[in-house]
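Colleague: As numbered in my numbering, the first sequence has no gaps in its residue numbers, which increase by one up to the final residue, 352.
Once you've had a glance at the structure underneath, I'll fire off some questions.
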Amino acid sequence: MDEIFQIENTNFNLKHTFESAQPLTFYGDYYEDKVLLEYTYKNSIIGIKSTENNKLNAYWILKNNNEKLKLNDEVIRRFRLFEDLDYIYKKINTDSNIDIAIKKYNGMRLTINDPWETTLVFIISQFNNVKRIRGIVKNIINRYGEKIDEKHKSFPMLENMSTATKEDLKNCGTGFRAEYIINAVDYFINNVDLNKLNPNNYEELHEIFTEIKGIGDKVADCIILMGYGNLRAFPIDVWVKRQLERLYFKGEKQKVSKLQDFAWEQWGDYRGYAQQYLFHSGRNLTFKN
DNA sequence: ACCCAGGCGGGCG
DNA sequence: CGCCCGCATGGG
64 MDEIFQIENT NFNLKHTFES AQPLTFYGDY YEDKVLLEYT YKNSIIGIKS TENNKLNAYW
124 ILKNNNEKLK LNDEVIRRFR LFEDLDYIYK KINTDSNIDI AIKKYNGMRL TINDPWETTL
184 VFIISQFNNV KRIRGIVKNI INRYGEKIDE KHKSFPMLEN MSTATKEDLK NCGTGFRAEY
244 IINAVDYFIN NVDLNKLNPN NYEELHEIFT EIKGIGDKVA DCIILMGYGN LRAFPIDVWV
304 KRQLERLYFK GEKQKVSKLQ DFAWEQWGDY RGYAQQYLFH SGRNLTFKN
């Protein structure tokens, strides 16, 4: 708690970011109309909350002394505060539909998360819903994570999960995805070092991830976007698909491949950011949370 | 009861 | 290639 990072002069809306269901391992508590965000980084815990004058403060809830990590470096990277969101908006604000979403969810940030954490979470996400995904992830953290304090466990890294069995994972609620998880753990322990991949090479990343059984185009794109921060990934899930069809194709069904081409033409190299605004606004047409 | 969820692999034509 | 089906599970 001694070190505090004041986030100023930055377009950053904590509530929209948390509710956009993109950092699926974050915890959020509401007070008044604000959100107190809490997340683990390895064996440390970081909190972010609004101050009276509507600024944001980030601080250590618990800092593991073995980590040389600087708080501001972590927060700046995690929420992409190194780039000007208004510049991104200029790049993707190509029509009135996306303009509405940008204005409504102004300050919603994409996050950059640990590659393995992102991989595991989005393997679980397939044929599933946000609420259940969060529950299953929580079970896996409880089962395989390392204890940080009385309330918190770290997100289990590959080594923590090297002996996971199908039965164990099913008990966490993973269902048929259990064998995909086991397969991915094995693959990334023995074949590919997730932390040595080039974040800027979209094609190479997509090829590597889709080679793995249990990871297809959509999950690979989520990993590339939210695990490596590559904005050229445009994950198309049911919400984004519906939203694109509704807003740009008169509600007529389109093939995913055509929607990918459309996104590339419409939003270019920043399409990943546009995707998050479409996803969040699409979901909120139906329900909150 | 029925439908759906941040999809994917496999089988078939 | 494209298309279609089954898949575990819990909430609305």
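Cβ coordinates follow ideal geometry from the N, Cα and C atoms, glycine included.
These figures come from a predicted structure and were not determined experimentally.
(1) Taking only three categories from DSSP, how would you classify Gln338?
(2) I need the straight-line Cα distance from Asp249 to Ser225, nearest angstrom please.
(3) Under 6 Å Cβ to Cβ from Ala296, same chain only, skipping five residues before and after it: list those, please.
(4) Looking only at its chain, what residues have a beta carbon closer than 8 Å to the beta carbon of Tyr93, apart from the 5 residues adjacent to it on each side?
(5) By Cβ distance below 8 Å, which residues in the same chain neighbour Lys118 in space, the five residues on each side in sequence not counted?
(6) In its own chain, which residues sit with a C-beta less than 6 Å from the C-beta of Asn352, not counting the 5 before and 5 after it?
(7) Give me the DSSP bridge partner(s) of Lys112.
(8) Name the DSSP beta bridge partners of Gly345, please?
(9) Hey, Thr80 and Phe142: beta-carbon distance below 8 Å or not?
(10) Since Gly292 and Ile175 should fall inside the 8 Å C-beta cutoff, what is the C-beta to C-beta distance between them, to a whole number of angstroms?
(11) On the DSSP bridge list, what partners appear for Glu101?
(12) Can you find the residues in the same chain that come closer than 7 Å, C-beta to C-beta, to Pro298, ignoring five residues on each side of it along the sequence?
(13) Pop quiz: Leu87 and Ile196 are said to be a contact at Cβ under 8 Å. What is the actual Cβ separation, rounded to whole angstroms?
(14) Do Met220 and Ser83 count as a contact pair if the criterion is CB distance below 8 Å?
(15) Considering only the alpha carbon of each residue, which of Tyr340, Leu310 and Lys304 lies closest to Gln323?
(16) What separation, rounded to the nearest whole angstrom, lies between the Cα atoms of Leu232 and Gly279?
Modeller: Reading off the structure:
(1) helix
(2) 7 Å
(3) Asp284, Ile287, Leu288 and Gly335
(4) Leu99
(5) Gln69, Ile70 and Glu71
(6) Reliability fails at Asn352, whose pLDDT of 37 lies under 50, so the model's placement of it is uncertain and no value is given.
(7) Asn120
(8) Note: Gly345 sits in no beta bridge, so no partner.
(9) yes
(10) 4 Å
(11) Tyr90 and Gly110
(12) Lys281, Asp284, Cys285, Leu288 and Gln338
(13) 6 Å
(14) no
(15) Lys304
(16) 21 Å
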